[in-house]
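Enquirer:
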Amino acid sequence: MRLTYLDNNATTMPAPEVVAEMNQYLTDYWGNPSSAHRFGQRARQGVDIARQQLADLVGVEANDIWFAGGGTEAVNTNIRNLLASRGHRKKIITSTVEHSATRELGLQLEREGYQVVRIGVDRQGDLDLSQLLTEVDDDTALVSMIWANNETGVVFPVDQIVAICHGCGVPFHTDATQAVGKIVTDFRAAGVDSATFASHKFHGPKGLGIAYARKGLRVRPMILGGPQERGRRGGTENVPGIVGAGKAAELAKAALADAPAIAAKRDRLQAAILQSIDEAHVNGSLVHRVPNTTNIGFSRLQSEAILLLLSEQGICASAGAACSSGSLEPSHVMRAMKVPDVIAHGAVRFSLSRYTTDEEINRCIEVLPAVINKLRAVLPVSV
357 MRLTYLDNNA
367 TTMPAPEVVA
377 EMNQYLTDYW
387 GNPSSAHRFG
397 QRARQGVDIA
407 RQQLADLVGV
417 EANDIWFAGG
427 GTEAVNTNIR
437 NLLASRGHRK
447 KIITSTVEHS
457 ATRELGLQLE
467 REGYQVVRIG
477 VDRQGDLDLS
487 QLLTEVDDDT
497 ALVSMIWANN
507 ETGVVFPVDQ
517 IVAICHGCGV
527 PFHTDATQAV
537 GKIVTDFRAA
547 GVDSATFASH
557 KFHGPKGLGI
567 AYARKGLRVR
577 PMILGGPQER
587 GRRGGTENVP
597 GIVGAGKAAE
607 LAKAALADAP
617 AIAAKRDRLQ
627 AAILQSIDEA
637 HVNGSLVHRV
647 PNTTNIGFSR
657 LQSEAILLLL
667 SEQGICASAG
677 AACSSGSLEP
687 SHVMRAMKVP
697 DVIAHGAVRF
707 SLSRYTTDEE
717 INRCIEVLPA
727 VINKLRAVLP
737 VSV
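Offset between the sequence shown (1-based) and our numbering: plus 356.
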């Protein structure tokens, strides 16, 4: 059975160039980058080159980039460090549509005595900037907002958010995981104080988080140990993963020019679905979104049943965040957008990459209507 992979917001295929680069550091240059001898320093050179490649992708200096064990660890570390720098302030502002890394951390911080204010979104998933403007004040410790939503692809206006925050002297953190490598994400030009992302979302390896903290922000390690990462995270660096992430960043920067072609394939898939299937609805803005993602709700169905039948046909899609799959309830993102339950229960995310072929799009267009019609004949959902 041929594979049709349309779940690239969950993870991406490692680019062949990335695998080749990593293999060198698994078989030839496997020294410890903290060692003073030439063999260790060859590994150190690989880490330094990768750090610069990642910095170039997001428009910052290499010294302001550090590595974590994953995007979630990076989010936790950077947000807690910002809070530590803000003294007595206990008010945190985030949104109602954050990834679970920020969402769960917010719940924990509430248990620790912080006040967490969650800014709402409209039916299209666009942020309520007027509410944010009202809430940001001198007592605010920080604002943390996702740059691009993992379920809908909706992009928040980071430049406007930063202007509101900095107008009150409040630092801004962004989880840029779903934006980096898909749209231009120049952290320094945007004015963000702190940002995090993960290489496996742009054809790099899993198990590596990348964090940025602007100059002047101290990063206290959550993982204690040696002096690695300039004291920002203890433990021997994952050299093959870091080198792979650097190569992926180099490729992603060059591939930003492919965004219109990816969007055209996404739009062709979306249009064909809406034309061939009754009661199919796009969830999220058609204007403010990354080029690879569409989220479509199929009325009167459960997304899990749709995905199961698609999987049997070799088509991979998602009900939303891979980190929260398994729940039969609509996601918190659909709830926050006030998507009617009859649509939200059947929400399916299709996410493409630069490796997605026209044949894969055609395959999904061919198979999906029969799947939906079969389910509607036997499994109408009650809402």
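Beta carbons are placed, not taken as given, at the ideal position from N, Cα and C, and that holds for glycine. Note that this is a predicted model, so its numbers are computed, not measured.
#1: Go through its chain and collect everything with a Cβ distance to F512's Cβ below 7 Å, but skip five positions before and after it.
#2: Within its chain, find whatever has a CB closer than 7 Å to the CB of V431; leave out the 5 residues flanking it on each side and keep chain order.
#3: In chain order, what are the residue ranges of uninterrupted beta strand (DSSP E) at least 3 long that sit wholly in the segment 395–440?
#4: So what's T383 in DSSP terms, helix, strand or just coil?
#5: Which one or two residues does DSSP pair with N651 in a beta bridge?
#6: At what residues does the beta strand (DSSP E) containing D550 begin and finish?
#7: Whole angstroms are fine: how far does the CA of E417 sit from the CA of R588?
#8: Grouping DSSP H, G and I as helix and E and B as strand, with all else coil, what is K447?
#9: What is the DSSP secondary structure of A615, counted as helix, strand or coil?
#10: Write down the C-beta distance between G402 and V638 rounded to the nearest angstrom, noting that I regard them as a contact closer than 8 Å.
#11: Between which two residues does the beta strand (DSSP E) carrying M578 extend?
#12: Counting Cβ pairs, one atom from each stretch, are 3 or more of them under 8 Å apart for the segment 707–719 and the segment 658–666?
#13: Does the ligand HEM have a heavy atom nearer than 6 Å to the CB of Q658?
#14: Are there three or more Cβ pairs, one per stretch, closer than 8 Å when the segment 721–735 is compared with the segment 627–638?
#15: From what residue to what residue does the alpha helix (DSSP H) around L665 run?
#16: I'd like the span of the beta strand (DSSP E) that includes G565, first residue to last.
#17: Determine the contact status of C524 and V499, defining contact as a CB-CB distance below 7 Å.
#18: What residue ranges within the segment 510–542 form continuous beta strand (DSSP E) runs of no fewer than 3 residues, ordered along the chain?
#19: So what does DSSP say about A746, is it helix, strand or coil?
#20: Could you compute how far the alpha carbon of S555 sits from the alpha carbon of V734?
#21: Are T320 and A692 close, meaning C-beta to C-beta below 7 Å?
#22: Can you tell which of S655, A406, L657 and D623 has its C-alpha closest to the C-alpha of V643?
#23: Using 7 Å as the threshold, is the C-beta distance between L382 and S550 below it?
#24: For K603, tell me which candidate among A620, A440, D412 and P686 has the shortest Cα-Cα distance.
#25: Under 7 Å, do A424 and G565 count as touching if we go by C-beta distance?
#26: Hey, could you find the ends of the alpha helix (DSSP H) V646 is sitting in?
#27: In angstroms with no decimal places, state the Cα-to-Cα distance between I517 and V510.
#28: Would you mind stating whether G670 and M369 have Cβ atoms separated by less than 7 Å?
#29: In angstroms, rounded to a whole number, what distance separates the CA positions of L359 and C672?
#30: Checking the sheet assignment: what are the DSSP bridge partners for T496?
#31: Just how far apart, CA to CA, sit K538 and F395?
Expert: A quick look at the data gives this:
#1: Numbered from its first residue, the sequence shown carries residue 512 at position 156. Result list for F512: L483, M501, I502 and W503, in chain order.
#2: For this step, residue 431 is matched to residue 75 along the sequence shown. Counting only Cβ-Cβ distances below 7 Å, and skipping sequence neighbours, we find A457, T458, L461, D531 and T552.
#3: 421–424
#4: Taking the first residue of the sequence shown as 1, we reach residue 383 at position 27. Three-state result, T383: helix.
#5: Counting from one through the sequence shown, the residue named residue 651 turns up at place 295. DSSP output for N651 lists R705 as bridge partner(s).
#6: By 1-based counting over the sequence shown, the position of residue 550 is 194. Checking the displayed sequence, the identity of residue 550 turns out to be Ser instead of Asp. Per DSSP, S550 belongs to the beta strand (DSSP E) from S550 to A554.
#7: For the purposes of this step, residue 588 is taken as residue 232 along the sequence shown, with counting starting at 1. For the purposes of this step, residue 417 is taken as residue 61 along the sequence shown, with counting starting at 1. In a straight line, the C-alpha of R588 is about 16 Å away from that of E417.
#8: Translated into positions along the sequence shown, residue 447 becomes position 91. The answer is strand: DSSP assigns K447 an E or B state.
#9: Translated into the one-based positions of the sequence shown, residue 615 becomes position 259. A615: helix per DSSP, three-state reduction.
#10: Taking the sequence shown and counting its residues from 1, one reaches residue 402 at position 46. Taking the sequence shown and counting its residues from 1, one reaches residue 638 at position 282. With a Cβ gap of about 43 Å, G402 and V638 do not count as contacting.
#11: Stepping through the sequence shown from its first residue, residue 578 is reached at position 222. That residue, M578, is in no beta strand (DSSP E); it is neither H nor E in DSSP.
#12: no
#13: No copy of the ligand HEM occurs in the structure displayed, which carries no ligand at all.
#14: yes
#15: Counting from 1 along the sequence shown, the entry for residue 665 is found at position 309. Note, L665: alpha helix (DSSP H), S659 to E668.
#16: Numbered from 1 along the sequence shown, position 209 holds the residue referred to as residue 565. Looking at the DSSP string, the run of the beta strand (DSSP E) that includes G565 is G565 to A569.
#17: Counted from its first residue, the sequence shown places residue 524 at position 168. Counted from its first residue, the sequence shown places residue 499 at position 143. No, they are not a contact pair.
#18: 528–531
#19: What the structure shows of the chain is the stretch from 357 to 739, and residue 746 is not part of that stretch, so it cannot be assessed.
#20: Along the sequence shown, one-based indexing puts residue 555 at 199. Along the sequence shown, one-based indexing puts residue 734 at 378. Computed Cα separation, rounded: 41 Å.
#21: Examination of residue 320 is not possible in this model, given that the chain is present from 357 through 739 alone.
#22: Taking the sequence shown and counting its residues from 1, the one referred to as residue 643 is at position 287. Taking only the C-alpha atoms, the option nearest V643 is D623.
#23: Taking the sequence shown and counting its residues from 1, the one referred to as residue 382 is at position 26. Taking the sequence shown and counting its residues from 1, the one referred to as residue 550 is at position 194. Against a cut-off of 7 Å, the Cβ pair of S550 and L382 comes out as no contact.
#24: To locate residue 603, count along the sequence shown from 1; it is residue 247. Cα-wise, what sits closest to K603 is D412.
#25: What you label residue 424 is simply residue 68 of the sequence shown in a count that begins at 1. What you label residue 565 is simply residue 209 of the sequence shown in a count that begins at 1. It is a contact, given that the beta carbons lie within the stated cut-off.
#26: For the purposes of this step, residue 646 is taken as residue 290 along the sequence shown, with counting starting at 1. Note, V646: premise wrong, no alpha helix (DSSP H); not H, not E.
#27: As a working note, residue 517 is residue 161 in the sequence shown. As a working note, residue 510 is residue 154 in the sequence shown. Roughly 15 Å between the two C-alpha positions.
#28: For the purposes of this step, residue 670 is taken as the residue at position 314 of the sequence shown. For the purposes of this step, residue 369 is taken as the residue at position 13 of the sequence shown. Contact: no.
#29: Working through the sequence shown from its first residue, we reach residue 359 at position 3. Working through the sequence shown from its first residue, we reach residue 672 at position 316. Taking the straight line from one Cα to the other gives about 8 Å.
#30: Counted from its first residue, the sequence shown places residue 496 at position 140. Answer is K447, bridged to T496.
#31: Taking the first residue of the sequence shown as position 1, residue 538 is located at position 182. Taking the first residue of the sequence shown as position 1, residue 395 is located at position 39. Going by the C-alpha atoms only, they are around 36 Å apart.
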